[in-house]
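Chains as they are written, first to last, in the numbering used here: chain A, 1 to 264; chain B, 265 to 1055; chain C, 1056 to 1210. Built from N, CA and C at the ideal position, the CB exists for glycine as well. A quick write-up on the structure given underneath.
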Amino acid sequence: MHDFGYHRPASVADVAGLLASKGEAKVVAGGMTLIPTLKQRLASPSDLVDLAGIAELKGVKAEGGGITIGAMTTHAEVHRSAEVQKTIPALAQLAGGIGDPQVRNRGTIGGSVANSDPAADYPAAVLGLGATIRTNKREIKADDFFKGMFETALQDGEIITAIHFPKPEKAGYSKFPNPASRYAIVGVFVARTAGGVRAAVTGAGPCAFRSKELESALGGSFTPEAAKAVKLGADGFNTDLHATAAYRAHLISVMAARAVAAAS
Amino acid sequence: MTATGIGASVKRKEDFRFLTGRGTYTDDINRPGQSHAYILRSPHAHAEIVKIDTAAAQSSPGVIAVFTGADYDKGGLPAGWQIHSKDGSPMVEPPHFPLCKDRVRHVGDQVALVIAETYAEAKDAAEKIDVTYKELPAIISTADADKPGKPQVWADAKNNVCYDWHLGDKAATEAAFAKAHHVTKIDLVNQRLVPNAMEPRAAVGDYDRATGEYTLYTTSQNPHVIRLLMGAFVLQIPEHKLRVVAPDVGGGFGSKIFHYAEEALVTWAAGKLHRPIKWTAERSESFLTDAQGRDHVSHAELAMDKDGKFLALRVSTIANMGAYLSTFAPCVPTYLYATLLAGVYTTPAIYAEVKAVFTNTVVVDAYRGAGRPEATYLLERLVDKAAREMKMDRVEIRRKNFISREAFPYQTPVALQYDSGDYDATLDGALKASDWAGFESRRAEARKRGKLRGIGISTYIEACGIAPSAVVGSLGARAGLYECGSIRVHPTGSVTVFTGTHSHGQGHETTFAQLVSDTLGISIDSVEVSHGDTNKIPFGMGTYGSRSLAVGGSAIVKAMDKIIAKAKRIAAHLMEASVADVEFKNGTFTVAGTDKSVPFGTVALTAYVPHNYPITELEPGLEETAFYDPLNFTYPGGCHICEVELDPDTGVTKIVNFTAVDDVGRVINPMIVEGQVHGGVAQGIGQALLESCVYDEQSGQLLTGSLMDYCMPRADDLPNFKVATQSTMCTHNPIGAKGVGEVGAIGSPPAIINAVIDALSPLGVQDISMPATPLKVWQAIQSAPAKMAAE
Amino acid sequence: MPTVEMTVNGKRASAQVEGRTLLVQFLREKLGLTGTHIGCDTSQCGACVVHVDGRAVKSCTLLAVQANGASVTTIEGVANGETLHPMQEAFRDNHGLQCGFCTPGMVMTAIDLVTNNASPSEEEIRHGLEGNICRCTGYHNIVKAVKAGAAAMKG
């Protein structure tokens, strides 16, 4: 990788200052995507601003019946959190299946969501649960957040500080991992909430998205059979070495059925 | 058997250093004043190099030198084996310079060598090299490479053909086909694989101006071979001025046999710059430069009589060599492949044609099994298909055609003479261990859970311990294939064993120590095994082809024979007895019919302190070297049975049982032997279900260029394995060992694919190609003639 | 160049590094702790696993500056003098290693796994080794070793 300046500010306010003053600065959270990218010389920031020193970005707390997770909380911490396991067990389970144990010890929820990798797990939960993304500037609804492949509603200098998840009645997540990278080929997060059923899909499109077809079927009957009966066309889904669009379309129904079966 | 003797599962001597981080791999070696190399590689599969401007790189911080093909003034990398085509013409052998001169021929080809104070600086500078390429169309496809009108990799190789070779009796084969009751035909691809030893290749070149000696530390399975090839053919450095050290090596699986450009470059540049130079591959470079494996496209036909007795086999294969000829590449699809097409069967007539082609891809060479997995896969898929077509039981068709245990030595129609084996015994063992008989009830039970269960079998043979030198020489080998072993008994009775083989995971430091300690009757702690340094070991051919114990171990035994013979003479002198009356057992020399005895240690001391010694008849000292040239190949074989369960919803294949019963000859350390089988089977499962090296057919870019896309088996992909040995002894080496390193990778892939096809057979699916990924299995189910019954 | 300071295997270690220096490079090149290996460049293989503040991480995907102030344990710090850690002993007893290259990362991961789950099932072990690739053993004996190591760590 190319060399860069390194900064570890102690507060969110300092982050904004650094990002404003350094021309080509990038924020690093857990670094699980950014550092491999830098190693491949696919990005060459002038400076790295490390969020690891900011205490206020860490931790899980109960809030308004749901839970709020600080942006720098690692996947392992979410997975093991008694609070998350009690309130939204599907979220704890999802966090425990991201990457591998070492990635879960470093990777953070804020980093994952801000990156909007098309095959990442968290975006499915954020969308599926109708979470709210809190930044240093505002609050953004999940439905307004994911804009495309590696594209979000975040503006320059805006960083995620926390994500608030309302408690669903029931939720489940199931993913079909890429056999090599273990990213999701298809991951489906389903949730039955007071406001209706939400079903979010990752891995299949340019970024996580909600499936109206699944939501409508599961709204009628929140059962694996209803999910499995949904037949999606292949149009618009990703094709790569490991999965065709048609296969992904099929897996969405299968994973949705498994997510519903596992939902608690 | 003693606790540390032959046949005991002795814990490995080498483990302590590996477990505590004290191993010394090549990248762990740092020489005083060391600089670092980065190699700029071609981004194109095929292009002319129009111009290279290195000026900006030369002045980049920390840069010591930048070299291009124009600066390189030494020889090219040689091929170690020459194959002749049907018409008698020698294979096309293109030049292979470590730095490309005027054309690049695959993505990753070496374009420039940058030496700098740090690796990061070398890499930074390489970004400043401006190369002007004129892109050319590339040929990637194995099957299409020899078609007219395709892009040509080498002007000399018309239609990209390196050689067009054949083996066997064509007329007899045709005659047998003419009278066949039934002919089963199959088309198969044995896909390209990336060996991916966990340690990336590395090389450190050093030059001593005081002595004029070059030293290369390298990740090699055979340092003497590298010294010979690099010294004699590439850099013209005489052996006495070139030391090659292969220290701890993190796996090889064939990929570290060959002489690579980077080894020559760091040695050459170290001599020019008078600085030690280290190069270490990044994994993405390994994908683009380590020799890859397999890559065959084949058509085969099996002629049978009405009872399913095999009458004849004909095979036509196209084998991809990549853009150049790697060290042993030419022999892999010929003498390591077609010679195995008899398998364990009595097929009387066989004819095989093999066309080797060049493409704009990374070179292909031996990878665990090398030729034999391809032969076994072809044969065992074909036999299964024949059984289905003949409506015969898969086991019975095999038994009916087995070479019987009484038939050895058995001469096959494809050059080899098998020395021993008992194929019914390994088959019976595997059928029992896998509960083959109870399978249908397990299939029915799985079906109730909505799963498709299948079982598959493979009965295989391989030829390893490759030799004898005179024979391989007549077949085109440009080297001998003996091995060297040396025993140095020290004055106090401890022993250092020098072997020309190389251990990179196989545990030679333990197995060979067991062999020596057992034979000489001394403590295993008194035996040290030394390997991997041309300045320590008299000579060696290295480790590949499952040869280390069968050939290297035999050399050690021969050296021990000499030690014991000399020691008996010393002991006879000490006991005032006739040599003919001296016996040696359990570390003690005795005189038959007396109570006289002398321990081994006393004899050792006497040899070095020869005060009471037959000095006029015998030299002092106790050190002997032997070279062992085998009389034949060895022929491990056995039976692998795989049971799978398919999830029709996702196409995922889960291996629920894997059984291997192998005949590997004499077993010195069962724990290590089992570990070798586990590892080989894991690579076989990788080939059958997970791994595939894929290039873009147009651009020649490697699409599976990292571990993000190339699927290596992980712990949760694999089952526990049931492994056992059921051995007959090799009849022609002093140990009786056959070899075990490759059996797992050879025997397993067809068992797995046969199981997947068996699972899918209720749907009418007859074929699936490797790797049987979830996508492929799902697609096969979608397009199956019969749909799954509604659950 | 920034200076980093951390505790490595119980000893203070400090050096000047570039911002881009990875933790694994710091350990191998600045401290000479070559037991931690580099097997890939995409954070897949796990040959580089060390413990940072008690958690297994891939030291090839962490900058040395990010570990500033941390407590790091590498494979060299696991044994008690010449006495192997129970997990190391279990790997030897069960032939859980062949070429040894993935072994340091495998052992560091196994210890972390057992620290979080004292009695892992076979399935949990296989899942827990997802971030570590071994090309030699087929994992059969590694899984056995981790199980045995877990039992020994309890005792």
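Within the model, the alpha-carbon separation for T531 (chain B) versus G469 (chain B) is close to 4 Å. When the five nearest sequence neighbours on each side are left out, the beta carbons in the same chain lying within less than 6 Å of the beta carbon of S580 (chain B) are those of H563 and E617, in order along the chain.
Look at the region 546-601 of chain B and you find these whole runs of alpha helix (DSSP H), each 4 residues long or longer: 547-553. Its Cα nearest to that of N584 (chain B), the residue B:V417 stands out among B:V417, B:V498, B:H523 and B:A435. The count of Cβ pairs closer than 8 Å, one atom from the region 428-436 of chain B and one from the region 564-574 of chain B, stays below three, leaving the stretches out of contact. Per DSSP, reduced to three states, the secondary structure at E961 (chain B) is coil, with no helix or strand assignment. When the five nearest sequence neighbours on each side are left out, the beta carbons in the same chain lying within less than 6 Å of the beta carbon of G950 (chain B) are those of P977, in order along the chain. Excluding the 5 residues flanking it on each side, G23 (chain A) has same chain C-beta neighbours closer than 7 Å at S46, in chain order. For F853 (chain B), DSSP records a beta bridge to B:F848 and B:V862. The beta carbons of L529 (chain B) and P362 (chain B) sit about 5 Å from each other, so the pair counts as a contact at 8 Å. Approximately 6 Å separates the beta-carbon atoms of V843 (chain B) and K832 (chain B); this is inside 8 Å, confirming the contact. Along the region 1083-1154 of chain C, the beta strand (DSSP E) occurs as fully enclosed runs of 3 or more residues at 1104-1107, 1110-1113 and 1126-1128, listed in sequence order.
Secondary structure of S1069 (chain C) (DSSP, three-state): strand. By the neighbour-count definition (other C-beta atoms within 10 Å, threshold 16), K715 (chain B) is a buried residue. A1200 (chain C) is outside the set of residues whose beta carbon lies under 9 Å from a beta carbon in chain A. Of all residues in the region 438-460 of chain B, those with a C-beta nearer than 9 Å to a C-beta of chain C are P459 and N460, reading in chain order. Chain order gives no chain A residues near R1067 (chain C), where near means a beta carbon separation below 8 Å; the closest approach is about 20 Å.
DSSP places A467 (chain B) inside the beta strand (DSSP E), whose first and last residues are A466 to D472.
In this structure, the alpha-carbon of V1201 (chain C) lies about 24 Å from that of N460 (chain B). At least 9 Å separates the beta-carbon of A119 (chain A) from that of A29 (chain A). A straight line joining the alpha-carbon of E158 (chain A) with that of L18 (chain A) spans about 12 Å.
Comparing alpha carbon positions, the residue from B:P597, B:R669 and B:A650 closest to G635 (chain B) is B:P597. Three or more Cβ pairs drawn from the region 1085-1096 of chain C and the region 541-561 of chain B lie within less than 8 Å of each other, which places the two stretches in contact. The shortest CA-to-CA distance from P912 (chain B) to any of B:P296, B:A1044, B:L493 and B:Y631 is the one to B:A1044. What A946 (chain B) touches in chain C, judged by beta-carbon distance under 9 Å, is C1189, R1190, C1191, T1192, G1193, Y1194 and H1195, going in chain order. Residues of the region 957-976 of chain B whose Cβ lies closer than 8 Å to any Cβ of chain A, in chain order: V958, L967, T968, L971, M972, D973, Y974, C975 and M976.
In this structure, V513 (chain B) lies near S484 (chain B), with their beta-carbon atoms less than 9 Å apart. The three-state secondary structure of N921 (chain B), taken from DSSP, is strand. Cβ proximity to chain C below 7 Å picks out L982, N984 and F985 from the region 981-996 of chain B. Contact between F441 (chain B) and A576 (chain B) holds, since their C-beta atoms are separated by about 6 Å, short of 8 Å. Short of 7 Å from the beta carbon of T1091 (chain C), and not among the five residues preceding or following it, lie these beta carbons of its own chain, in chain order: V1079, L1082, R1083, C1103, V1105, S1114, T1129, I1130 and P1159.
Classified as buried, G633 (chain B) has 16 or more neighbouring CB atoms from the shown chains inside 10 Å of its CB.
The region 811-818 of chain B makes contact with the region 734-753 of chain B: 3 or more CB pairs, one atom from each, lie closer than 8 Å.
With a contact defined as Cβ atoms closer than 8 Å, T807 (chain B) and T775 (chain B) miss out at about 12 Å.
In the three-state reduction of the DSSP assignment, Q374 (chain B) falls in the strand class, which pools E and B. The beta carbon of A259 (chain A) sits closer than 6 Å to those of G172, Y173, S174, V188 and V190, all from its chain and outside the five residues before and after it, given in chain order.
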